[in-house]
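Residue numbers (our numbering): 1072 to 1464.
Note that the Cβ used here is the ideal one computed from N, Cα and C, for glycine as well.
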């Protein structure tokens, strides 16, 4: 198996005009699918407040600009195109209702072995963090069409989210050998970031940013990713990257969540509160506000903490499981329940092993005085070649 460095050298060569043309075809996958690796866990249910209307004129919610284009249309828009638009907007806005609508459209499609249908089902499963189903579908696509770039790239990033860096490296290598330079580069920047090779990740991301200047959607994603790299490296230029990303996509919940986490990690919780003061109302961003208010000693800290608790209680009441990592963070940081947080963090670790997942598990285990869990988690990270650095003691 070639090393990450060897693969990096391979993907930085090639015909630049051809690569730029191909870059445009990766926008949806990069913005919608890679985000589950680098900016994981923010495709959450954006729920409006629960209101019992008292009259037919009661306004329950004002939908964000652009939603009208996603409403059922009398024009003959191909179903797969509708599904992709819904999933893309759900990822950007954090509104799981759009992902649910995509699921309903997918249910109307005939079963079969169409690669496009299987990929659509896989991408939808990935949105709801059903990684096992997504991997099964992507495996089927790649068994029939080994050169399918979208399926290969998406599978690599699911493997990264689940902490299977060896398998992700194999898919990155396959993209390189298949002469898919841009897809391989996108794969490698996520791989090197996940390993903790921050200098290498930053260098590769910088090259990709230069290539994506004519593609706003992909550029915004890459700038946010570059901001996350800078944040983990302690780079003073972190704000510049995130600010550029938000200038392109001000309401992108993935960018807002990543920036909020980076600011919180640096103790800049007042800046988190300012950043999220007019942000979309999603479960993930609400948690970030509550965490920042708690750390900053803001006057509304208790109100925000209690509101977050009600969100989770309501979700359990209706039979749904909130995002495990977020609920564990809530229990650990806002309620001081180390045991309950550790239980959820361990459940989460069974399916998701990205940077924040490992960090949370180590912090919860330390708070609960579970040195055995700390040791086993660090041993697992070492087996995958992951540099924990800031994650845990």
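Take residue 1306, set aside five residues on each side of it, and no residue of its chain has a beta-carbon closer than 6 angstroms to its own. About 6 angstroms separates the CB atoms of residue 1158 and residue 1194; that is less than 8 angstroms, so the two are in contact.
For residue 1334, same chain residues with a beta-carbon under 6 angstroms away, outside a window of 5 residues either side, are 1342, 1343 in chain order.
Here residue 1313 carries a helix assignment [DSSP, helix/strand/coil]. Residue 1388 counts as exposed, since fewer than 16 other C-beta atoms from the protein chains shown sit within 10 angstroms of its C-beta. Residue environment: residue 1410 is assigned as exposed (fewer than 16 neighbouring CB atoms within 10 Å of its CB, all protein chains considered).
By the criterion of a C-beta distance shorter than 8 angstroms, residue 1277 is surrounded in its chain by 1297, once the five residues flanking it on both sides are discounted. Relative to the Cα of residue 1322, the nearest Cα in the group 1356, 1299, 1190, 1238 belongs to 1356. Boundaries of the alpha helix (DSSP H) harbouring residue 1335: 1324-1336, taken from the DSSP string.
Under the three-pair Cβ rule at 8 angstroms, the stretch 1427-1437 counts as touching the stretch 1395-1402. Distance from residue 1224 to residue 1186 at the Cβ level is roughly 14 angstroms; contact not present, criterion being Cβ atoms closer than 8 angstroms. When only Cα atoms are considered, residue 1446 and residue 1453 end up about 11 angstroms apart. The straight-line gap separating the alpha-carbon atoms of residue 1222 and residue 1246 is approximately 11 angstroms.
Of the residues 1423, 1422, 1434, 1405, the one whose Cα lies closest to the Cα of residue 1413 is 1434. When DSSP states are grouped into helix, strand and coil, residue 1185 belongs to the coil group. Taking a cut-off of 8 angstroms for Cβ pairs, the stretch 1282-1291 and the stretch 1261-1274 do not touch, as fewer than three such pairs fall below it. One alpha carbon belongs to residue 1180, the other to residue 1391, and they sit about 26 angstroms apart. The three-state secondary structure of residue 1244, taken from DSSP, is helix.
Contact between residue 1192 and residue 1177 is confirmed by a C-beta separation of about 6 angstroms, below the 8 angstroms threshold. Here the C-alpha atom of residue 1304 lies approximately 44 angstroms from the C-alpha atom of residue 1149. Rounded to the nearest angstrom, the Cβ distance from residue 1302 to residue 1336 is 7 angstroms, consistent with a contact under 8 angstroms.
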